[in-house]
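First residue of the sequence shown: 4, per the numbering used here; consecutive thereafter.
Note that CB positions come from ideal geometry on N, CA and C, so glycine has one too.
Just so it is clear, the structure is predicted and the values come from calculations on it, not from any experiment.
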Amino acid sequence: MRITLVSVLSFFLCHLIYLSIYISVTAGKCLEDQQLLLFQLKSNLTFNPENSNKLRLWNQSVECCDWSGVSCDDEGRVIGLDLGGEFISGGFDDSRPLQNLSSHLIYLDLHQNKLQGPIPTFSGNTLYLDFSSNNFSSIIPRDIGNYMSFPFFLSLSNNTLSGSIPDSLCNALYLEVLDLSNNNISGTIPSCLMTVSENLGVLNLKNNNISSPIPNTVKVSCGGFPCFLKEIPTLRVLVLRNNKFQGSPKCLKVNMTWEMLQIVDIAFNNFSGELPREYFTTWKRNIKGNKEEAGLKFIKKQIISFGGDLYYADNITVISKELHVLNLSNNALSGKIPSSIGNMRQLESLDLSQNSLGGEIPVQLASLSFLSYLNLSFNHLMGKIPTSTQLQSFRVLVNLKIEIILDKSEVVYNTFRLNQISGFNQNCSIG
């Protein structure tokens, strides 16, 4: 199948082209200079042929547009390179072949290799960049955003990158997915991310050393939660799990509707203060009856994890399904669980464990008819787990451990220890 790249200026069209690249195999005559550049790139990479399913098959007996991992446009120019999982080691001693290919390259996947050194940068019109699961070290290049005119996906996750998030990423105006998780990144989140608010849908910064903004340095920050993120109306997935955030999660001066938000994980930080009731009344995507279409697409990899061992992954999309996750666990949140939590009728996973929440467990939990994961453990809660059709699938095991049956093949365990919860008998089932 041949693919025609009409214009990188049409972002929607570029998305369609990317999807075509991802699911199709190209064939036809390859331009001689493109084949030469690919051979130069191959000779510049260190890999074990025994572990290679792509690079080892590149040879002159086959048109380069038919090589595994290579996609071309209808003129024989390379527009896609998928070298993920090739166990490539070392660094880019000579980046010129990749630089010379980049003028037409719109898709580059180097994930799950053993690449080292700094992240390579090159100019071009690349829309999809995946450098995740390598051994890249040093800092994220300060000017990385200056080389990305039209990318909608950037993942540098699962490396050993340090330093801060460069402000230049704010120049990537079409960015939809930014995944910097599982690194050693420090500093604060650049407030200029608000400038990409027309498109940014996924922000995953989990397992880093990122801290709260300095008070009064950003007009929509109070020194706790990075409140300027609430100015990004397109945000659907926010993961700040296991960082150095502290202070109150409230944002008094900011519109908190966050109409598209569906997955939130700010667990394992040091947020404190009362649990904001606004979280449960203004996130419109979680309220029953909201039928807005979810449009975020083309997320090629697993990005979200929650509830310890519970993961969500999908080959193409994350948000086309009605997933709704809220994880505020392992902080220092206090006060009561707001009764307005019952408004979040689409919620499927709720984790408020390891906080200092008190008072009665709200009966409004019974309204969460889609709830399939609930963790309220290690708080100071009292009362009964409310009875509802959905919660009747909870079955009490030893030590008040709750087994939630999602389907015949998937079981998630939940514990309500260190709470004063009544209404359960360890030797019987509910429902």
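Helix, strand or coil at residue i [DSSP, three-state]
i: Ile344; result: helix
i: Cys75; result: strand
i: Lys57; result: coil
i: Tyr177; result: coil
i: Thr49; result: strand
i: Phe155; result: coil
i: Gln367; result: helix
i: Ser359; result: strand
i: Val242; result: strand
i: Phe274; result: strand
i: Asp268; result: strand
i: Lys209; result: coil
i: Thr7; result: Low confidence applies to Thr7: its pLDDT is 33, below 50, so where it sits in the model is not reliable enough to give any reading.
i: Lys247; result: strand
i: Met385; result: strand
i: Ser332; result: coil
i: Phe139; result: strand
i: Cys230; result: helix
i: Asp146; result: coil
i: Lys291; result: Reliability fails at Lys291, whose pLDDT of 47 lies under 50, so the model's placement of it is uncertain and the value that follows must be treated cautiously. It is coil, neither helix nor strand.
i: Asp112; result: strand
i: Ser372; result: coil
i: Ser189; result: strand
i: Ser92; result: strand
i: Ser194; result: helix
i: Ser126; result: coil
i: Pro236; result: coil
i: Lys253; result: coil
i: Leu203; result: coil
i: Ser171; result: helix
Span of the beta strand (DSSP E) around residue i
i: Asp182; result: Val180 to Asp182
i: Asp133; result: Tyr131 to Asp133
i: Gln119; result: Lys117 to Gly120
i: Leu379; result: Counting along the chain, Leu379 falls outside any beta strand (DSSP E), and DSSP gives it neither H nor E.
i: Ser337; result: Ala335 to Lys339
i: Tyr150; result: No beta strand (DSSP E) contains Tyr150, which DSSP labels as neither H nor E.
i: Gly83; result: Val81 to Asp85
i: Ser167; result: From DSSP, Ser167 is part of no beta strand (DSSP E); its letter is neither H nor E.
i: Ser214; result: Ser214 -> no beta strand (DSSP E), and no H or E assigned at all.
i: Ser352; result: Ser352 to Asp354
Integer-rounded CB distance, given that residue j should sit under 8 Å from residue i
i: Tyr177; j: Pro144; result: With 8 Å as the limit, Tyr177 and Pro144 do not qualify as a contact, their Cβ atoms being about 19 Å apart.
i: Leu374; j: Leu353; result: 6 Å
i: Ser356; j: Leu379; result: 6 Å
Beta-carbon proximity check, residue i vs residue j, cutoff 9 Å
i: Arg239; j: Gly204; result: yes
i: Phe271; j: Asn334; result: yes
i: Ser436; j: Asn186; result: Since the first residue shown for the chain is 4 and the last is 434, residue 436 is missing from the structure and cannot be characterised.
i: Gly83; j: Leu111; result: yes
i: Leu228; j: Ser214; result: Inspection of the sequence shows that residue 228 is occupied by Phe rather than by Leu. Not closer than 9 Å, so no.
i: Asn116; j: Gly72; result: no
i: Phe156; j: Leu172; result: no
i: Ser135; j: Ser160; result: yes
i: Leu241; j: Lys339; result: no
i: Ile269; j: Pro252; result: yes
i: Asn2; j: Phe95; result: No information on residue 2 is available, as it lies outside the stretch 4 to 434 that the chain covers here.
i: Ile91; j: Leu108; result: no
i: Gly386; j: Ile364; result: yes
i: Asn273; j: Lys247; result: yes
i: Leu196; j: Leu232; result: yes
i: Arg99; j: Gln43; result: yes
i: Pro389; j: Leu368; result: yes
i: Gln38; j: Gln63; result: yes
i: Lys57; j: Glu35; result: no
i: Asn438; j: Leu329; result: It is not possible to answer for residue 438, since the shown part of the chain is limited to 4 through 434.
i: Ser149; j: Leu113; result: Strictly speaking, residue 149 in this sequence is Asn, with Ser absent from that position. Taking 9 Å as the Cβ cut-off, Asn149 and Leu113 do not qualify as a contacting pair.
N- and C-terminal bounds of the alpha helix (DSSP H) containing residue i
i: Ser46; result: Glu35 to Ser46
i: Leu101; result: Arg99 to Leu104
Proximity test, Cβ basis, 9 Å: residue i and chain C
i: Pro252; result: You won't find chain C in this structure, because it holds only one protein chain.
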